[in-house]
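Visitor: Got a structure here, written out as structure tokens. Questions coming.
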Amino acid sequence: MKVKKFSIADANLVRSPGQDADIFVGDLIDENDGGPITIGYGRYAPNQSLTEKMAVHDVMVVLEGRLAVSTGAGTVTAGPGEIVYMPKGEAVTITTEGEGALTAFVTYPHWAEVHQN
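For the sequence shown, the working numbering assigns the number -10 to the initial residue and increments by one for each residue that follows.
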């Protein structure tokens, strides 16, 4: 694969699998590209909540807005320019307030492959 550059305009945002909240993801690099990671964008509407046990290692970079990630050990909040790491196996609840959030993410391995099994 060649070096590539992306923007949010390149992402086809679809509802995050397995939930009905206004939370959308758009993969830009995934298992079809031959690399070991998935890269994409996420858009969280205001006042949304998503709870799941992490099936992959997930790094989320907040580009706009704010969100909170809660675990049994506590809650971290993140705003523009901040990064949240969610390790595989961790039960998390991601919530937004106010304006919602736009994120970029990297997962290892590919999240879509894990959710299909």
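All C-beta atoms in this analysis are idealised placements derived from N, C-alpha and C, irrespective of residue type, glycine included. Please read all numbers here as calculations on a predicted model, not as lab measurements.
Identify, in the order they occur along the chain, each residue of the same chain with its Cβ nearer than 7 angstroms to the Cβ of residue 90, setting aside the five sequence neighbours on each side.
Guide: As a first step, residue 90 is located in the sequence shown; it is residue number 101 there, counting from the start. Excluding residues within five positions, the ones whose Cβ falls inside 7 angstroms are 33, 51, 53, 54, 55, 56.
Visitor: Do three or more CB pairs link the stretch 22 to 32 to the stretch -9 to 10 at distances below 8 angstroms?
Guide: A contact exists between the stretch 22 to 32 and the stretch -9 to 10.
Visitor: State yes or no: is the C-beta of residue 39 within less than 8 angstroms of the C-beta of residue 12?
Guide: As a first step, residue 39 is located in the sequence shown; it is residue number 50 there, counting from the start. As a first step, residue 12 is located in the sequence shown; it is residue number 23 there, counting from the start. Yes, the Cβ-Cβ distance between residue 39 and residue 12 is below 8 angstroms.
Visitor: From the DSSP output, in three-state form, read off residue 26 for me.
Guide: Counted from its first residue, the sequence shown places residue 26 at position 37. Coil.
Visitor: Are there 16 or more other CB atoms within 10 angstroms of the CB of residue 45, so buried, or fewer, so exposed?
Guide: For the purposes of this step, residue 45 is taken as the residue at position 56 of the sequence shown. Classification for residue 45: buried.
Visitor: I'd like the ranges of any beta strand (DSSP E) spanning at least 3 consecutive residues and lying wholly in the stretch 54 to 88.
Guide: As far as the stretch 54 to 88 is concerned, its whole beta strand (DSSP E) runs of at least 3 residues are 63 to 67, 72 to 75.
Visitor: Measuring only the C-alpha atoms, how far is residue 6 from residue 85?
Guide: Within the sequence shown, numbered from 1, the residue matching residue 6 stands at position 17. Within the sequence shown, numbered from 1, the residue matching residue 85 stands at position 96. Spanning the two alpha carbons is a distance of roughly 18 angstroms.
Visitor: Once DSSP output is grouped into helix, strand and coil, what is the label at residue -1?
Guide: The residue you call residue -1 lines up with position 10 of the sequence shown. Correct three-state label for residue -1: helix.
Visitor: If you drop the 5 nearest sequence neighbours on each side, which residues of the same chain put their C-beta closer than 8 angstroms to that of residue 100?
Guide: Reading the sequence shown from its first residue, position 111 is the one you call residue 100. Once the five neighbours on either side are set aside, the close Cβ partners of residue 100 are 27, 44, 45, 47.
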